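Trainee: Protein chains in written order, with the UniProt record's numbering: chain Y, 1 to 339; chain E, 1 to 339; chain D, 1 to 339; chain U, 1 to 339. Pasting a structure here, questions to come.
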């Protein structure tokens, strides 16, 4: 890569401005800071996931970072529904962030001195066992995010003696970290995605994911099996599947699916074309590099070469079809990948 | 159709010469005479199915009519194996012939006068109950075909007093028909196919069949399921399926399959392309009009329109894939039906 | 039902004490109050879903009501993981509660008088559009639940001028309701489940659900298909499916599934027995009446009668198997439903 | 095995009398002579496969040996239809016989001296290449079987100078063998089955086959897939599958299937029970030792142990289902393998 390339371009777009689930210092901002170029770009905190997404849709910002799984603070299910159903957005990138909490205060207190502690209710749930043992008498003061709790320590009338928050916000605000790694379960990781208006799709890297949303016309027996057969016959593995009510009526569902591979691979495009026939409302939400960089290893029978060979064989047959007495068969343009 | 058109062209080729499983007057010749133009063409009887097929392969004749199912005289299984494995031939057309036998003699005998009767062993099996009741004392003299039995009546030393044969040969030889419709089971029909060297494939009529042969690399569990999923996901119905040993080793099989539809229909070509990936040795043996003219009624989701719409959607996505900073995506030519 | 029956028994157990996601007045308590007998029973609010479940496991209470889907306040994903993985609990019952919010205050204020409003962050997200239009200048004060926000109005130093909360808590606390139905999306419903230690399974009603958790040994292609074939071959419909990381290692997944039907129906028990063979770690989390009372209408081919007829046929064959010269076949006790 | 055991019992019945597709000396009799005890038993030649089967059904003989595949002389398709549809017979045993022909004469002729040769038309087809090279001028005289051709050499007026027949009949009649191994394709093997009236089913050997016939109510898309899923979910491999018209109407089919395994194995009985639900007209035609003695190696997940463990788990759940206030659950007797 030449030194003159804008590092933001590595994310698949030359973003200058980002929104994220705020306020400053959340785990979501930590995820955003992992995106090349984001540190130099404008980062706008949003009050909710929906607000962050709306800012992208309206064009206020180029892209938004939002939590998608196991979030400490965000409404994850809402994120998925928002991206899938309400908004016409694409995923450009995913980021994994280790979830680790610190106990921080405005001044160097000892645990015994802490009578009240502020954080988001979900964050509090993740440090409860530690808190019961380390600061058993401290009162819990709910905050709208872990970062808001941290910021509340610096107000004229502090909301609490200490806050449970991300290492990032403690550093940003210059707080005193009383204890690191206070989470009850270590090793937890949360997944975030960077979304933008539909535009360029990042090129295949060989270790990619594709996210789709498939509405099923009705809750009929076997509909899911039928969907999955389209993946199975192309050797496409799923990373995640969730059935979700569409919200617009009883008995209406959609499936939210992450699959291994990129739209530019024949096995993926052929499977999606197959599903498009039975569920024309299918929505493509993005092909993007996997955060874990785990490379695909498709079987030979679903390699691009196998697809090309099969198409060549079919073509060789189709050119020989004609009416008795008719001239050479016309070229046809039907089918997947027709140039 | 204009009067100047060669009627043979309706069969998909301008055949001037045909071989068929002989001798003259077999049910196979009756099938051949159903082909437009065959009555005026040269018809060469062959001593066996394999000989008839060899005559096509060597170029001695343009096409051959051979029995494929429930035959009175031919080795049907052998036919299938011969077309599928040994020969590189295509099926152009299928014909159904009602199987009805007559008792015929050189002179107007009564049943009571008949002490011996000649026919093919398989023909004899199909009139046994009638014979036990109508000509109980008559001795059975085996012949190499029902037509040979009929012809044997006219030899210097007749092989028997009467023959069980097709109405066609009785008429051709001017024999006296003692009784019509003597078959024990009425309504039986035999299927014949017209085969030629690979060339033009008859155009789709909307009521077509396609015959294929699929070798499976090994006798592994689930291999047949995997094959059938390729048909199921494209809504392709099967008319016939048979597993057959390939003859070149233990544990090696092929499947002989007739399916509904024509190679020029997207659901068929897409299914065959899918199977080509897992069984590249798949052989296409022809797409041709169904003898019963029963029209296909594919579901909307597997119509050519559904395939075209799906391909257009995929194309609209693929054109947006590119490296950061790269120019417009190049057109690609991968995939089924690429023009 | 006779008048002397303990109404709690209708829930499948004679619960005297319940925990629920508190504090008093949450939507979760509203769900609990829908359980017959719960109004007269002891109801203990818990600070989190995990606390509520721990109280059941330790025997402090008989059962717990927790949110399972689309919750306003609870960590829904956490609930599922807690019931499926961490705890050995069963689901006895599900309840649907319409999600409707009121704006309430301690005294009869007008909207224009409200400068601050308290509620849970998720609740706030669901009334944002209304708030921007009706009380545009009001400051948002986060609370740990909508009920806590309501209660905060009655403190010596009220946390805010008004609260967004459930109709239930407003009534319980005698608050003044300024406006009903302020939610941005009407018609939303949240699902709650009543869980207990494993014991009696409620009898089949004909409109039941069964919840299971299926760990897959590895992230192998086709594993999900294989699972679903077991449901498909028994005509068992799924209501919900979610893949979830098990948390104990990369590449390890489990599927959380709600299916239509009761363990006491042959098609369900046969499907689960089939899955037990390929995933012996399958966990049964309960068969219980559907909250929507929608009756099952299984096809004839998967009715209990069809299973009984099939078993009788197999039995009639098996009794005839024996070694040459051996006596009558011994009775065997293998198989599903062996009495 | 003790020396006093009747060797016929090894075939699964104490047969004293057998019919077979005659006349004496056919390949079918060679197959019969492979059955322990058959050499000492009464063997009755029948004029056709149907006659041989009729003799079993009427009780004239205990069992019949008939060709089932690739036969030199018999109507193989007819055999299958006869056993499956017309007759209520069971398969007890299968035999493989190498197909090798001899050229035999009544006196020690040289090939050059042979001007006419008799055999069955199918046998003739299998030695044509040899005949064209070794006895190019010889005339073909059709016979109703290869054995009849051999016998015809000994008539007062011999039908031909030589016969193409089985080694068995040449030996039985004391003919002079001019040349051994004259078949054009070496290594061919034909499969024969021993059938009887339904009675005892031979015990499992660990290397068994089961033959079934499954009528499909209509030619509906996906019906075959549905059938095969029942085998796939129990890990049951197929050895052979053929679709056949039932003969009683257009569009009516049955599938003739040989599968690996014995009705006394849980994976087989469970699969057949599953199919019985969707096709109650399924016919069981026998479980019997494989002629090739190739042992089954079912995966652990479809072993009898896995079925037993799954059934025990389901039972442990079902015993806990009951109405509120009701006593212990009654024992039920539903399901496969109920003792």
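Cβ coordinates follow ideal geometry from the N, Cα and C atoms, glycine included. As the structure is a prediction and not an experimental result, all values here were calculated from the model.
1) DSSP beta-bridge partners for residue 63/U?
2) Just checking my contact of residue 208/E with residue 290/E at CB under 8 Å: how many whole Å lie between their CB atoms?
3) If we cut at 8 Å on Cβ distances, does residue 225/D have a partner in chain Y?
4) Rounded to whole angstroms, how far is the Cβ of residue 105/U from the Cβ of residue 176/U, which I believe are closer than 8 Å?
5) Between 281/Y, 205/Y, 227/Y, 108/Y, which has its C-alpha nearest residue 288/Y's C-alpha?
6) Is residue 211/U close to chain E? Criterion is C-beta to C-beta, closer than 8 Å.
7) With DSSP as the reference, label residue 36/Y as helix, strand or coil.
8) Going along the chain, which unbroken runs of the alpha helix (DSSP H) with 4 or more residues stay wholly within the segment 97–143 of chain D?
9) Locate the alpha helix (DSSP H) running through residue 273/Y, then write down its first and last residues.
10) Starting from residue 176/E and walking both ways along the beta strand (DSSP E), at which residues does that stretch end?
11) Identify, in the order they occur along the chain, each residue of the same chain with its Cβ nearer than 7 Å to the Cβ of residue 226/U, setting aside the five sequence neighbours on each side.
12) Let me make sure I understand the geometry here. Which of 301/U, 119/U, 275/U has the alpha-carbon closest to that of residue 166/U?
13) List, in order along the chain, the chain Y residues whose C-beta lies closer than 9 Å to that of residue 263/D?
14) Show which residues of chain U have a CB atom less than 9 Å away from the CB atom of residue 241/E.
15) Express the C-alpha separation of residue 19/E and residue 62/E in angstroms, rounding to a whole number.
16) Applying a beta-carbon distance threshold of less than 7 Å, which residues of chain D neighbour residue 119/U?
17) With a threshold of 8 Å between beta carbons, is residue 230/U in contact with chain D?
18) So, using beta-carbon positions, are residue 17/D and residue 49/D closer together than 8 Å?
19) Is there a C-beta anywhere in chain Y that falls below 8 Å from the one on residue 280/E?
20) Using a beta-carbon distance below 8 Å, is residue 291/Y in contact with chain E?
21) With distances taken between CB atoms, is the gap from residue 267/E to residue 234/E smaller than 8 Å?
22) Could you list which residues in chain D have their beta carbon closer than 9 Å to that of residue 142/Y, in chain order?
23) Who pairs with residue 208/Y in a beta bridge, going by DSSP?
24) When the Cβ atoms of the segment 27–47 of chain Y are set against those of the segment 93–103 of chain Y, are three or more pairs found closer than 8 Å?
25) Cα-Cα, which of 38/E, 283/E, 261/E, 108/E is closest to residue 293/E?
26) Give me whichever residues DSSP pairs with residue 260/E in a beta bridge.
27) Can you grab the Cα-Cα spacing for the pair residue 144/Y / residue 158/Y, in whole Å?
28) Under 9 Å, CB to CB, which of the residues in the segment 30–64 of chain E have a partner in chain U?
29) Can you tell me whether residue 300/Y is buried or exposed, with buried defined as 16 or more other CB within 10 angstroms of its CB?
30) Nearest chain E C-beta to residue 125/U closer than 8 Å, yes or no?
31) Using a Cβ distance threshold of 8 Å, determine whether the segment 137–155 of chain Y contacts the segment 194–203 of chain Y, with at least three qualifying pairs required.
32) For chain D, is any of its Cβ atoms less than 8 Å away from the one on residue 216/Y?
33) Find out if the Cβ-Cβ distance for the pair residue 244/Y, residue 81/Y is shorter than 8 Å.
34) Residue 170/Y lies in the alpha helix (DSSP H); which residues open and close that run?
35) At what residues does the alpha helix (DSSP H) containing residue 319/E begin and finish?
36) Taking 8 Å as the threshold (C-beta atoms), are residue 141/Y and residue 117/Y in contact?
Mentor: On the basis of the supplied data:
1) On the fourth chain, residue 63/U is found 63 positions in, with the first residue counted as 1. Beta-bridge pairing links residue 63/U to 18/U, 196/U.
2) If you number the second chain from 1, residue 208/E lands on position 208. If you number the second chain from 1, residue 290/E lands on position 290. Confirmed, Cβ separation roughly 6 Å.
3) The residue given as residue 225/D occupies position 225 in the third chain. Interface residue, yes.
4) In the fourth chain, the residue the question calls residue 105/U occupies position 105. In the fourth chain, the residue the question calls residue 176/U occupies position 176. Contact holds; Cβ gap of about 5 Å.
5) Start at 1 with the first residue of the first chain, and residue 288/Y comes out as number 288. That would be 205/Y, whose Cα lies nearest to the Cα of residue 288/Y.
6) Here residue 211/U refers to the residue found at position 211 when the fourth chain is read from its first residue. No, its Cβ sits nowhere closer than 8 Å to a Cβ of chain E.
7) Indexing the first chain from 1 puts residue 36/Y at position 36. Residue state, collapsed to three classes: coil.
8) 121–134
9) On the first chain, residue 273/Y is found 273 positions in, with the first residue counted as 1. Note, residue 273/Y: alpha helix (DSSP H), 266–278.
10) Counting from one through the second chain, the residue named residue 176/E turns up at place 176. Taken as a continuous stretch (DSSP letters only), the beta strand (DSSP E) holding residue 176/E covers 176–179.
11) The residue labelled residue 226/U in the question sits at position 226 within the fourth chain. Excluding positions up to five away in sequence, the list reads 278.
12) The residue given as residue 166/U occupies position 166 in the fourth chain. It is 119/U.
13) Looking up residue 263/D in the third chain gives position 263. Per Cβ cutoff of 9 Å: no residues; residue 263/D is ~19 Å from chain Y at best.
14) Here residue 241/E corresponds to residue number 241 of the second chain, with the count starting at 1. Correct list: 224, 241, 242, 243, 255.
15) The residue you call residue 62/E lines up with position 62 of the second chain. The residue you call residue 19/E lines up with position 19 of the second chain. Taking the straight line from one Cα to the other gives about 8 Å.
16) Within the fourth chain, the letter at position 119 stands for residue 119/U. What residue 119/U touches in chain D: nothing, since even the nearest Cβ is about 38 Å away.
17) Mapped onto the fourth chain, residue 230/U falls at position 230. Yes, residue 230/U lies at the interface with chain D (some Cβ there is under 8 Å from its Cβ).
18) In the third chain, the residue the question calls residue 17/D occupies position 17. In the third chain, the residue the question calls residue 49/D occupies position 49. Not a contact, by the Cβ cut-off of 8 Å.
19) The residue given as residue 280/E occupies position 280 in the second chain. For residue 280/E, the answer is yes, since a Cβ of chain Y falls inside 8 Å of its Cβ.
20) By one-based count along the first chain, residue 291/Y stands at place 291. Chain E, which has no Cβ nearer than 8 Å to the Cβ of residue 291/Y, makes this no.
21) Taking the first residue of the second chain as 1, we reach residue 267/E at position 267. Taking the first residue of the second chain as 1, we reach residue 234/E at position 234. Yes; because the gap between Cβ atoms is below 8 Å, this pair is in contact.
22) Taking the first chain and counting its residues from 1, one reaches residue 142/Y at position 142. Correct list: 120, 121, 142, 143, 144, 145, 148.
23) Indexing the first chain from 1 puts residue 208/Y at position 208. The partner list for residue 208/Y (beta bridge, DSSP) reads 289/Y.
24) yes
25) The sequence position of residue 293/E within the second chain is 293, counting from 1. Of the listed residues, the one whose Cα sits closest to residue 293/E is 261/E.
26) In the second chain, counting from the first residue as 1, residue 260/E sits at position 260. Residue 260/E is bridged to 209/E.
27) Mapped onto the first chain, residue 144/Y falls at position 144. Mapped onto the first chain, residue 158/Y falls at position 158. Using only the alpha carbons, I get a separation of about 15 Å.
28) 47, 48, 49, 50, 51
29) As a first step, residue 300/Y is located in the first chain; it is residue number 300 there, counting from the start. Classification of residue 300/Y: exposed, given that the 10 Å Cβ count is below 16.
30) Taking the first residue of the fourth chain as 1, we reach residue 125/U at position 125. For residue 125/U, the answer is yes, since a Cβ of chain E falls inside 8 Å of its Cβ.
31) no
32) For the purposes of this step, residue 216/Y is identified with residue 216 of the first chain, where counting begins at 1. Chain D contact via Cβ: absent.
33) Taking the first chain and counting its residues from 1, one reaches residue 244/Y at position 244. Taking the first chain and counting its residues from 1, one reaches residue 81/Y at position 81. Closer than 8 Å, so yes.
34) Here residue 170/Y refers to the residue found at position 170 of the first chain. Its alpha helix (DSSP H) spans residues 167–173.
35) The residue you call residue 319/E lines up with position 319 of the second chain. Residue 319/E -> no alpha helix (DSSP H), and no H or E assigned at all.
36) Indexing the first chain from 1 puts residue 117/Y at position 117. Indexing the first chain from 1 puts residue 141/Y at position 141. Yes, the Cβ-Cβ distance between residue 117/Y and residue 141/Y is below 8 Å.
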